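Trainee: Provided herewith is a single structure, encoded as structure tokens, for subsequent inquiry.
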Amino acid sequence: MGKEIERKFLLNHTEWLKLDKPAGKHFRQGYILTDPNKTIRVRITETQAWLTIKGISIGASRSEFEYEIPLEEATELLDNFSESKLAKIRHEITHQGKLWEVDVFLGENDGLIVAEIELESEDEQFDLPHWVAEEVTHDKKYYNSNLTMYPYKDWKV
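126 is the number that the UniProt record's numbering gives to position 126 of the sequence shown; each next residue is one higher, with no gaps.
This is how it looks when you write it as structure tokens:
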């Protein structure tokens, strides 16, 4: 069984803006199924696409099955079968040997930046980069599937 162990963090925007970071990759993704217990997502970049099935989160873990699919088919699924969508720019940054994926959201989620780190175990130790602020792993409003239905622009800050 596929398993994802992931923790999410908000960023210190000031530190993020000062950071010398690599160019990001544009992602479009949509949800064919959004249910509290499972999601089915299609994600595309300019050159690749994936179909991903995720189970319910328990702690920072959940089952995950991800399959690369033809870009043309993924575009059709995204455009014709997804109930909700979002777009973001993903930057991959390595900090002390660990890969951090930093998502800068676009459109209705503009202004939101979330960093994710995938781990081998829930109790794995790692160092936080100076540009990371508050952990939001267990706050469901930061789940990508929820951001498609309750976008950041509608939050009362």
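The beta carbon of each residue, even a glycine, is placed where N, CA and C say it ideally should be.
Keep in mind the model is a prediction, meaning the values are calculated, not measured.
Within 10 angstroms of its Cβ, does Arg131 collect 16 or more other Cβ (buried), or is it exposed?
Mentor: One point to set straight first is that residue 131 is Trp, not Arg, in the sequence displayed. That one is buried.
Trainee: Have a look at Gly30 and Lys3 and give me their C-alpha separation to the nearest angstrom.
Mentor: Taking the straight line from one Cα to the other gives about 21 Å.
Trainee: Do Glu83 and Leu153 come within 9 Å of each other at the CB atom, strictly closer than that value?
Mentor: As written in the sequence, residue 153 is Lys, which differs from the Leu given in the question. No.
Trainee: Under a Cβ-count criterion, where at least 16 other Cβ atoms within 10 Å of its own Cβ denotes burial, should Trp100 be classed as buried or exposed?
Mentor: Flag for Trp100 reads buried.
Trainee: Since Gly59 and Glu122 are thought to touch, with beta carbons under 8 Å apart, how far apart are those beta carbons, to the nearest angstrom?
Mentor: Rounded, the Cβ-Cβ distance is 6 Å, consistent with contact.
Trainee: Between Ala49 and Glu76, how many whole angstroms is the CB-CB distance? I'm expecting something under 8 Å.
Mentor: Not a contact, Cβ separation roughly 10 Å.
Trainee: Give a yes or no on whether the C-beta atoms belonging to Leu86 and Asn144 are separated by under 9 Å.
Mentor: Yes, Cβ-Cβ distance for Leu86 and Asn144 is below 9 Å.
Trainee: Would you check if the region 3 to 12 and the region 125 to 140 touch, i.e. whether three or more CB-CB distances between them fall below 8 Å?
Mentor: The region 125 to 140, when compared against the region 3 to 12, does touch it at the 8 Å Cβ threshold.
Trainee: Distance cutoff 9 Å, beta carbons only. Does Glu124 sit that close to anything in chain C?
Mentor: Checking the listed chains, one finds no chain C in this structure; it contains a single protein chain.
Trainee: Check Leu99 in the structure and name its three-state DSSP category.
Mentor: Strand.
Trainee: By Cβ distance below 8 Å, which residues in the same chain neighbour Ala74 in space, the five residues on each side in sequence not counted?
Mentor: So the list reads Val42, Arg43, Ile44, Ala49, Trp50, Leu51, once near-sequence residues are dropped.
Trainee: So, Gly104 versus Tyr142, is the Cβ gap smaller than 9 Å?
Mentor: It should be noted that the sequence gives Val, not Gly, for residue 104. Not in contact: Val104 and Tyr142 (Cβ atoms no closer than 9 Å).
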